[in-house]
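What follows is a short report on a single structure.
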Amino acid sequence: MSRRLILAVLVAAGGVAQADDSERPKAEPSDQIIGVSLGLAIGGRLTPGGVRIAGSYHYQLSDNDWFDGRASFTFGSGAPACFRDRIDNVICDHGMIDGDGVEISANVRRFFGRGEYTPFARLGIGAGLVYFGGDRVSGIAFPLHAGGGLRIALTHLLALMAEAELEVGVGVFNRDIGAQPQVGASIAAGVEFNL
Amino acid sequence: MRFLVPLLLVACQHSDVSRELGARCLDSTECDDRCLGPNSDWPGGFCTIRCEQDYDCPEGVCIDEEGGVCAFSCAADTACTFLGPGYHCIERDARGGVTKRMVCRGG
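Same order as they appear, the protein sequences are chains P and V.
My numbering numbers the first residue of the first sequence as 366 and each following residue consecutively.
My numbering numbers the first residue of the second sequence as 3 and each following residue consecutively.
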C-alpha cells in the first residue's frame, strides 16, 4: 500500500514538473539561466589571447534584457616577448594567443524577438588579472565588452549559444610599463540551461 | 576621449630594436638568443642572434665576433645614434667570408 502511495506521489510530481516545463514555449529563455562556453580569444601586445573558458549566470531584467554575469579564464602561450628599447622603456610585442587572464564581468544581454533561433547583443564591463609568464609581466585590466550572437533552443531547458565580441579597455602593468590599451576579440560557443 | 588618445598612441608605438636584435640587456633571458655586454664594446647590452652568414640575420649583417653575431650595418656614425651613446660605425670582419662590414658597435 505504502509502495503504491509513493509511486502515486512520484507520478503526480513528475506530472506537475512536466506541466510546468511544457507551459514554457520551447524557445523561451527562463528568468534565470546558467551557461558555460569554450572559445578562442585574440589579443596582442598586452592583451591576453588563447583558449577561453567562461561560465555565466543570467537573470531576467525586463522583457528583452537579461543581466549576464560571467567569469572567464584565458590560457595562452607563455613565450617571452618583452624587451627594453635603447632608452630603457619596456616594450611588449606579444602575439595574438599569448598570455593568461582571469576576468569577471557584468553585462546586459538583449534578445531580439523570440524563436528557436534568437539573436542577441551584449554590452558589459569587466575587471581582471593579466599575466605574461615568460616576461614576468602582470597587471589589472578593465575591458569593455560589446558583442552579439545567436541562441538556439534545443529543448525547454537546454540551448546552444554562439557569440563573437570585441573588447576595448585599459590595463595597468608592472615593470614600469604602466597603463596600456587592451584590445581584443573572441568567438565562443556553449550551452545554456534554463533554471 | 582625451583619455583614449594617449592610449591609442601608445598602442601604435614602434621600436627600431627587438628581442632578436638591438634591445638593451643584462643577460640572455632578455633576448631571443644572446646578450652581448653590457660593456664598452656593447654599451647598455645588445641583444643579437648567432649567425654564419648575413642571411641568418633578420636585419643587419653577420660579423666575425663571439663566434658570429648579427649587428646593424651602417655607413656613418649618424646611422648608429638610435642605439644611444657609445655606438659608432666601425669596420669589422664579415663572418663566413674575407670581406669587411661596417657595423654599429661600441669601442
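Glycine included, C-beta positions come from ideal geometry on N, C-alpha and C.
Along chain P, in chain order, which residues have C-beta atoms closer than 9 Å to that of residue i?
i, result
"V:Leu85", "Arg451"
"V:Arg26", "Phe448, Arg449, Asp450, Arg451, Ile452 and Asp453"
"V:Gly46", "Arg449, Arg451 and Asp453"
Using the beta-carbon of each residue, which ones in chain P are nearer than 8 Å to residue i?
i, result
"V:Ser20", "Phe448 and Asp458"
"V:Cys49", "Phe448"
"V:Ser42", "The premise fails here: V:Ser42 is roughly 16 Å from chain P at the closest Cβ pair, so nothing lies under 8 Å."
"V:Glu32", "Phe448 and Arg449"
Roughly how far, in whole angstroms, is the beta-carbon of residue i from the beta-carbon of residue j, given that I think they are within contact range, below 8 Å?
i, j, result
"P:Glu528", "P:Ile398", "About 14 Å separates the two Cβ atoms, so there is no contact after all."
"V:Arg94", "V:Cys49", "No, V:Arg94 and V:Cys49 are not in contact; Cβ-Cβ is about 18 Å, not under 8 Å."
"V:Ala96", "V:Val63", "7 Å"
"V:Leu28", "V:Gly47", "6 Å"
"P:Ala518", "P:Glu481", "5 Å"
"V:Arg103", "V:Asp43", "About 15 Å separates the two Cβ atoms, so there is no contact after all."
"P:Leu405", "P:Arg417", "7 Å"
Give the residues of chain P in contact with residue i, contact being defined as C-beta atoms less than 7 Å apart.
i, result
"V:Ser17", "Asp450 and Ile456"
Which first and last residues belong to the beta strand (DSSP E) in which residue i is found?
i, result
"P:Thr520", "Segment: none, P:Thr520 is in no beta strand (DSSP E) and carries neither H nor E."
"V:Ile51", "From DSSP, V:Ile51 is part of no beta strand (DSSP E); its letter is neither H nor E."
"P:Gly555", "Gly543 to Asn559"
"P:Pro484", "Tyr482 to Phe497"
"V:Ser75", "Careful: V:Ser75 lies outside any beta strand (DSSP E) and carries neither H nor E."
"P:Val473", "Asp465 to Phe476"
"V:Glu93", "His90 to Asp95"
"P:Val416", "Gly415 to Gln425"
"P:Asp433", "Asp430 to Phe440"
"P:Ile456", "Val455 to Cys457"
"P:Ile452", "Where P:Ile452 is concerned, there is no enclosing beta strand (DSSP E), given that its DSSP letter is neither H nor E."
"P:Gly400", "Gln397 to Ile407"
Contact criterion: CB-CB distance below 8 Å. Does residue i meet it with respect to chain C?
i, result
"P:Met526", "Included in the structure are the protein chains P and V, with no chain C among them."
Three-pair Cβ contact test at 8 Å for the region 412 to 422 of chain P versus the region 436 to 443 of chain P = yes
For the region 76 to 83 of chain V and the region 41 to 57 of chain V, state whether three or more C-beta atom pairs, one from each stretch, are separated by less than 8 Å.
-> no
Counting Cβ pairs closer than 8 Å, one from the region 425 to 440 of chain P and one from the region 466 to 479 of chain P, do we hit at least three?
-> yes
Should the region 522 to 537 of chain P be regarded as contacting the region 548 to 559 of chain P, the criterion being three or more beta carbon pairs within less than 8 Å?
-> yes
Interfacial residues, the region 47 to 72 of chain V to chain P, with Cβ spacing under 8 Å | Cys49
Are the region 23 to 36 of chain V and the region 444 to 462 of chain P touching by the rule of at least three beta carbon pairs closer than 8 Å?
-> yes
Stretch pair the region 80 to 89 of chain V + the region 57 to 65 of chain V: three plus CB contacts closer than 8 Å | no
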